[in-house]
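First up is the structure itself, then whatever we jot down about it.
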Amino acid sequence: MRTRLLITLLALTSIFAQARDFFSLKDLQPNDTFRIKITLADGIVGHSSIWDFDQVQKIEVQFDVLSVHKDSIRLGVKPTNWFAHFQDENQYNPYSLFQFYSYYDSYFLGPWNGEKGFYLFKDNNVVVAINKNNGDFSTTFIPIPEEKEGYGHVRRNWYSDLPQMSTGLKIRDNSAPFASISLDFEKVLNASVQGFIGSWIKKSKDGNPMPWFVDLMDIITPVVQKPIFVQIVSASFDLYPNIHLSYKPSKDIPEDRIFIVNGSKKIRPIKKEPNGTYIFNFFISSPKRLSINDILLDVTPDDSQNIIYNTTTNNYTFEGKGSANSAYTNAIVKLYSTPSELYENNRIEELTPQQIDDFFKLKETSYKVVLANHAKGMNKYWIRSAELSYDYWFASQRLYLDNEMTKQNLGRGINRIPQHPIPWYSPKFANLFPITDYLYQPYTYDDFLNNYFSYKAWQTNDDMLTGMRYLQEHIPKYYFADAIFWGYPRFYLTGETLKYLMTGFHLSDSQREYEDFLRKCYQPEIRETIIAMREQLEKVEPGANIKNLDLAIQQDIPLKDKADGYIVLLVDDEFNETIEGNLKNTNENIDKENLKDKIKLCIITSDSQKAFFNDKTDIHFVSDTKLYDYYDKVISRKGDYIIMRDDGTIIDRTLGNYNDSGHFITNIIKTDIEKQKNQHTASNGMLTPVILSSLFSMVVTFFIVRLVIKRRERIRRHISELELKAIRAQMNPHFTFNALGSIQNLINQKKNKEANDYLVNFAKLLRMVLSTSEKRLISLSEEIEQLELYLRLEQLRVPFLYTINVDKNIYIENEEIPGMLIQPIVENAIKHGIVPKGGGQIKLNFNLIGHVLYVIVTDSGSGCFQSENTSPSGFGLQAVHERLKLLSKELNLEIGMKIENIATDGKTTGCMVTISIPV
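Last residue of the sequence shown: number 1149 in my numbering, and the count goes up by one each step with no gaps.
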């Protein structure tokens, strides 16, 4: 007891120490990002927990930090997902086994499907400006031409078709298979920002970290489309830990294997206590099923579990908050075995319905006993997961039995075994809703999907016109799953098939399927897992070098600096007679092909296998730590050979667990030897003809170039002129659109006199712009006149001061510059420097130094966060940048543009843009 208390106190001390490094709103920097998930109550049944997925809408929103000021911060808003699953008054029937639900998920359904679904929110055109001191904020939807009211693709109000579906696996009658769904996103966003940011500021003032969860039920009445929960999902910065685990393993587990597995990620302990207990502190955004050394950990945010190895029982015990969830799952997994025990003493065709029913009744009783022993300490989410796990296990095993009997019946004709019907309409099947149940992480959900796929495939295979292809080849299996499934099950099955294809064959063999998968799947966890696996496999693809992996076993591989032979590498922690037979087959084929001097068979296994191989000297025995390092860096199927040149260059990886593997290996090596020989011969034999051909080509090219170079120069100049005209033609509509937007803004504010003055002056300016639009160069006096008129126009919209200074040694009537060159820069200064602050000052200076005209535009805004290595952002600046490049090329002049911040006392107080034009 004292030991456990000490562990708890040490963990709490560690947590308290870390709490001083909290992350406040004022710590945010430009380019930081974070995502929140907004949960809305919906439907008529009711909703009380953030982890419910049955009567809700959930909206995920990303915030990008655009700029940071002394007392405020500007965030760009981009939604990333819209999920809905609920029942309305016409769907709920308490007396029916089967329930109808409305369902929508933008990861899988249109029109918001995929990364392009929220395309209207690109370029940070929805901005939230927040006062960092008191949380006051404003939300701005910047007008964009792509937005079309009434078509469902608007930013403030969302709309989509909504499928209505029944629970179970069979389609049931429904008079209205589709409904519609709408969302007032602006109201939801504002309410969520108000609650989340307000809580964040309050907590930071109290010395607490950024909240991962805010309950708004006490602030906002929980009705349809009113936020009730807001939670942080992810961030570009470290989030404060909300999971605290201590783990005391058995003594036989190496220290480098102490980590928690979270999908494709590994979480290492933050420290090790003197008594051998490892401490983990980390953040998760929602309940997760993790694992550590084959122990399952069902954790929920704010859990604090202790996992301790009991040396008396040789089992692990679970203590602390949330421990009952993990204890239950580790106890119940033994129940979920395959139904082979059902007919291990019977032939499958001899099973009776009574035997099958008795088997499942016994399993159900065992499941209920285990759940009853743990349910008191489990939360609602993991109880729901446990209930679904049993229902999916039941459905999965009934499908498995049916699949086995279908296989038995293939080719039997009229002598088919009577199959036991699948109870599609039983209560356990009625509880299933596979499209969203995966969100509760049922332990047996994956097995169910695989068995259901096999069930549909065997239906197809039991037909002369379709044959046996879908269970024998994985590429047809990929497209079969892609064709008949939808939603999450579709991408789980196609993803698993793609994993098999990538690990078992060259990546080029599944390139088309990989690209097809990424084009269709935007579910983050599945997508990221596939991408990460492919990136890892690229390191062992033909052409890669095994030395780049920095393997712990590298010293056991006979590698050389320069290749003069081949290595066949097999790494396995457990060998048996089958593998030994395959190795013997491989050696015999190497001898048969007279390649013994060319090929070295390198076998590496665990030290624990020494007894199996006795005194054999051609086996390398290494520690389990080195083997784990290999498995971490090399993704392959068990028994895979890696075939390489002895300089480490990989030429193939092939499965060795079949009888003729030696034949395949020697053929691969013989092909590579021939390839190397041909390349060497071709390189020597072709050297002289290549030299002669090159000389002849040089002479002919010299005369041809002399004939066409002048013509090309004329064409180049003509093209440059056309490109400049095209950019001018684009800039004029751009300028006009922005001016009309300003007029509309004044009208909306009921400033009719200012709008009328703006319109008169705009007409004057437009006439001047059109009169000079066909000229490549205009006088400096015309450009200044247009700029002054434009600045007066903008003063009607937003108050600011401006000055225009021209050196006395500049003759503005004589000097010429490209038209509309400076106006976009001035417009950008007003839009991004003056408007966000509600006022300020613009200065334009025209200086002539030597033979270079310098045009300097400065503003008193918050500076520019433009990277030095990227092109200017915004259409106007991009157009100026492109025009300058073309003019520099055509006139053979160095026309430059420089953008930099103005700093006073270490603080950014504005932006300065300098254009240099040789004259």
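Think of the CB as a built atom: it goes at the ideal place given N, C-alpha and C, for glycine as much as any other residue.
Q: Could you spell out where the beta strand (DSSP E) holding W612 opens and where it closes?
A: Counting along the chain, W612 falls outside any beta strand (DSSP E), though it belongs to the alpha helix (DSSP H) covering K610 to N639.
Q) Looking at Q317 and Q285, is the spacing between their C-beta atoms short of 8 Å? A) If you check the CB distance, Q285 and Q317 come in under 8 Å.
Q. DSSP on W688, reduced to helix/strand/coil?
A. Helix at W688.
Q) In whole angstroms, what separates the C-alpha of I1147 from that of Q1016? A) Looking at the backbone, the Cα of I1147 and that of Q1016 are separated by about 19 Å.
Q: Measure the CB-CB distance between N775 and T879 and report whether it falls below 8 Å.
A: Contact flag set, yes.
**Q.** Residue closest to K1005, alpha-carbon to alpha-carbon, out of V770, L1051 and T1033
**A.** Proximity to K1005 across V770, L1051 and T1033 peaks at L1051, based on C-alpha coordinates.
Q | Distance, D1089 Cα to L305 Cα | A | For the pair L305 and D1089, the Cα-to-Cα distance works out to about 22 Å.
**Q.** G365 versus K256 - alpha carbon distance
**A.** Spanning the two alpha carbons is a distance of roughly 11 Å.
Q: Look at the alpha carbon of P457 and the alpha carbon of I268, and state the distance between them as a whole number of angstroms.
A: Going from the Cα of P457 to the Cα of I268 covers about 6 Å.
Q) Taking three-plus beta-carbon pairs below 8 Å as touching, is the segment 868 to 877 in contact with the segment 737 to 744? A) They do not touch, by the three-pair rule.
Q: Over the uninterrupted beta strand (DSSP E) stretch that includes Q461, give me the two end residues.
A: That run of the beta strand (DSSP E) goes P457 to A465.
Q.
In this structure, how does DSSP classify H850 when only helix, strand and coil are distinguished?
A. DSSP places H850 in strand when its eight states are reduced to three.
Q: Taking H315 as the reference, give the member of S429, M763, A271 and F348 with the closest Cα.
A: Out of S429, M763, A271 and F348, the CA that lies nearest to the CA of H315 is found in A271.
Q. Quick one: what's got a C-beta closer than 6 Å to S396's C-beta in the same chain, skipping five residues either side?
A. Take S396, set aside five residues on each side of it, and the residues of its chain with a beta-carbon closer than 6 Å to its own are F328, F330 and R402, in chain order.
**Q.** Helix, strand or coil at R1027 [DSSP, three-state]
**A.** Helix, per DSSP.
Q) With L618 and L679 assumed to form a contact (beta carbons below 8 Å), what rounded beta-carbon distance in angstroms separates them? A) Actually they do not touch by this definition, with Cβ atoms about 13 Å apart.
Q | Every unbroken beta strand (DSSP E) within the segment 977 to 1017, with a cutoff of 3 residues, ordered by chain | A | Runs of the beta strand (DSSP E) inside the segment 977 to 1017: 1007 to 1009.
Q.
Can you find the residues in the same chain that come closer than 7 Å, C-beta to C-beta, to P664, ignoring five residues on each side of it along the sequence?
A. Around P664: P719.
Q) Given that a residue counts as buried once 16 or more other Cβ atoms are within 10 Å of its Cβ, and exposed if not, what is E1013? A) So E1013 counts as buried.
Q) Between L601, D632, L728 and L399, which lies nearest to N661 when the distance is taken from Cα to Cα? A) Ranking the options by Cα distance to N661, first place goes to L399.
Q. Would Y988 be called buried (16 or more neighbouring beta carbons within 10 Å of its own) or exposed?
A. Within a 10 Å sphere around the beta-carbon of Y988 sit 16 or more other beta-carbons, which makes this residue buried.
Q.
I'd like to confirm the pairing. Which residues does DSSP put opposite H736 in its beta bridges?
A. Bridge partners of H736: none, in fact.
Q) Hey, how far is the Cα of I714 from the Cα of V529? A) Between I714 and V529, the C-alpha separation is close to 34 Å.
Q. Which class does N661 belong to by DSSP, given the choice of helix, strand or coil?
A. In the structure shown, N661 falls within a coil segment according to DSSP collapsed to helix, strand and coil.
Q) DSSP on M1050, reduced to helix/strand/coil? A) Reduced to three states, the DSSP call for M1050 is coil.
Q) Can you tell me whether DSSP reads W281 as helix, strand or coil? A) In the structure shown, W281 sits in coil (DSSP, three-state: anything other than H, G, I, E or B).
Q: Tell me whether Y796 sits in a helix, a strand or coil according to DSSP, three-state version.
A: For Y796, the secondary structure class from DSSP, reduced to helix, strand or coil, is strand.
(Q) Assuming contact is defined by CB atoms lying nearer than 8 Å, are N681 and L728 in contact in what I supplied? (A) No, the Cβ-Cβ distance between N681 and L728 is not below 8 Å.
Q) For F351, which of L1083, Q292 and H299 has the nearest alpha-carbon? A) The shortest C-alpha separation from F351 is found at Q292.
**Q.** Given 8 Å, three or more beta-carbon pairs between the segment 546 to 556 and the segment 522 to 537
**A.** The count of Cβ pairs closer than 8 Å, one atom from the segment 546 to 556 and one from the segment 522 to 537, reaches three, so the stretches are in contact.
Q) Hey, how far is the Cα of L1021 from the Cα of L1000? A) The alpha-carbon atoms of L1021 and L1000 are separated by roughly 18 Å.
**Q.** Backbone CA spacing between Q638 and I525 [nearest angstrom]
**A.** Approximately 37 Å, taken between the alpha carbons.
Q: Within its chain, find whatever has a CB closer than 6 Å to the CB of F513; leave out the 5 residues flanking it on each side and keep chain order.
A: Closer than 6 Å at the Cβ level, and outside the excluded window around F513, lie L469, P471 and N472.
Q. Given a threshold of 16 other Cβ atoms within 10 Å of its Cβ, counted over all protein chains shown, does F467 qualify as buried or as exposed?
A. Per the 10 Å Cβ criterion, exposed.
Q | Ordered list of beta strand (DSSP E) runs contained in the segment 482 to 569, each at least 3 residues | A | Taken in chain order, the unbroken stretches of beta strand (DSSP E) that lie wholly in the segment 482 to 569 and span 3 residues or more are 490 to 492, 495 to 497, 508 to 512, 518 to 522, 525 to 529, 534 to 540 and 545 to 551.
Q. What do you get for N897, buried or exposed, if any count of 16 or more other CB atoms within 10 angstroms of its CB means buried?
A. Counting Cβ neighbours within 10 Å, N897 comes out exposed, since fewer than 16 surround it.
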